[in-house]
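S.K.: Every number in my numbering is 159 more than the matching position in the sequence shown, counting from 1.
For each residue, glycine too, the CB sits at the ideal point set by N, CA and C.
For clarity, every value in this text was computed on a predicted model and none was experimentally measured.
Can you keep this structure in mind? I'll have questions shortly.
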Amino acid sequence: MDSATSETRTPLGASADNGLKIVVVGGFGAGKTTMVRSVSEIRPLNTEETMTQAGEAVDDITGVRGKTATTVAFDFGRITLDARNVLYLFGAPGQERFWFLWDRLFSGTLGAVVLVD
Ligand SMILES: Nc1nc2c(ncn2[C@@H]2O[C@H](COP(=O)(O)OP(=O)(O)O)[C@@H](O)[C@H]2O)c(=O)[nH]1
Ligand SMILES: [Mg+2]
């Protein structure tokens, strides 16, 4: 195992038996992916894809000019709270065309975080 892999891989403790699920929702570019990536103790799931001209009319980058990629499935990260409790963070895609994913993402959740830029 190289050092880069060992730094990003944090095994889940064997005593952890209670998973708590939180979904992060909010508009396009509000910072959902940035947030999940910032707080996750594991290497976060990456479903970012490059934004293209085809989405120019619907993906408004006003205010987030540097944004070049968008979430096409969901963000996923993990925070161990204590020996038993683990928080699973799911970041939803913001655009309306991906809202069909939200019902499944919300299944079994403890709650949601609504991010507003
Ligand atoms: N909302 C927010 N965005 C930030 C902040 N700092 C940097 N950004 C940039 O704003 C963009 C937010 O994009 P992203 O996290 O993909 O938003 P998402 O569409 O809600 O997942 C990124 O380009 C970030 O680099 C911050 O403090 N808040
Ligand atoms: Mg995102």
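1. My assumption, with CB atoms under 8 Å, is that Leu240 sits in contact with Ser199. Please give the rounded CB distance.
2. Would you call Arg168 buried or exposed, if buried means 16 or more other Cβ atoms sit within 10 Å of its Cβ?
3. Using a Cβ-based criterion (distance less than 7 Å to any ligand heavy atom), does Lys226 qualify as near ligand 2?
4. Could you pull out every unbroken alpha helix (DSSP H) segment of at least 4 residues lying fully inside the region 224 to 268, listed in chain order?
5. Looking at C-alpha atoms only, which residue of Asn244, Ile181, Gly236 and Ala232 is the closest neighbour of Glu255?
6. Excluding five sequence neighbours on each side, which residues of the same chain lie with their C-beta closer than 8 Å to the C-beta of Leu179?
7. For Gly236, count the other beta carbons within 10 Å of its own beta carbon; 16 or more makes it buried, fewer makes it exposed. Which is it?
8. Since I believe Gly253 is in contact with Ala189 (beta carbons under 8 Å), could you give me their beta-carbon distance rounded to a whole number of angstroms?
9. Taking 7 Å as the cut-off, is the C-beta of Gly190 nearer than that to any heavy atom in ligand 1?
10. Work out the CA separation of Ile201 and Leu171 for me, nearest whole Å.
11. Can you look up Ala216 in the DSSP assignment and give me helix, strand or coil?
12. Between Gly222 and Asp262, is the Cβ-Cβ spacing less than 8 Å?
M.R.: Reading from the atomic positions:
1. Your numbering for residue 240 matches position 81 in the sequence shown. Your numbering for residue 199 matches position 40 in the sequence shown. Between Ser199 and Leu240 the Cβ distance is about 13 Å, and since that is not below 8 Å, they are no contact.
2. The residue you call residue 168 lines up with position 9 of the sequence shown. Its Cβ having fewer than 16 others within 10 Å, Arg168 is exposed.
3. Along the sequence shown, read from residue 1 onward, the residue named residue 226 stands at position 67. No.
4. With a minimum length of 4 residues, the unbroken runs of alpha helix (DSSP H) contained wholly in the region 224 to 268 fall at 261 to 265.
5. Numbered from 1 along the sequence shown, position 96 holds the residue referred to as residue 255. When each option's Cα is compared against that of Glu255, the closest is Ala232.
6. In the sequence shown, residue 179 corresponds to position 20, counting from 1. Correct list, in chain order: Leu240, Asn244, Val245, Leu246, Tyr247 and Leu269.
7. Working through the sequence shown from its first residue, we reach residue 236 at position 77. Gly236 is buried by the Cβ-count criterion.
8. The residue labelled residue 189 in the question sits at position 30 within the sequence shown. The residue labelled residue 253 in the question sits at position 94 within the sequence shown. Rounded to whole angstroms, the Cβ separation of Ala189 and Gly253 is 7 Å, and the two are in contact under 8 Å.
9. Here the question's residue 190 lines up with position 31 in the sequence shown. At least one heavy atom of ligand 1 is found less than 7 Å from the C-beta of Gly190.
10. Indexing the sequence shown from 1 puts residue 171 at position 12. Indexing the sequence shown from 1 puts residue 201 at position 42. A direct Cα-to-Cα measurement between Leu171 and Ile201 gives close to 10 Å.
11. To locate residue 216, count along the sequence shown from 1; it is residue 57. Ala216 falls in the coil class under three-state DSSP.
12. Reading the sequence shown from its first residue, position 63 is the one you call residue 222. Reading the sequence shown from its first residue, position 103 is the one you call residue 262. Contact flag unset, no.
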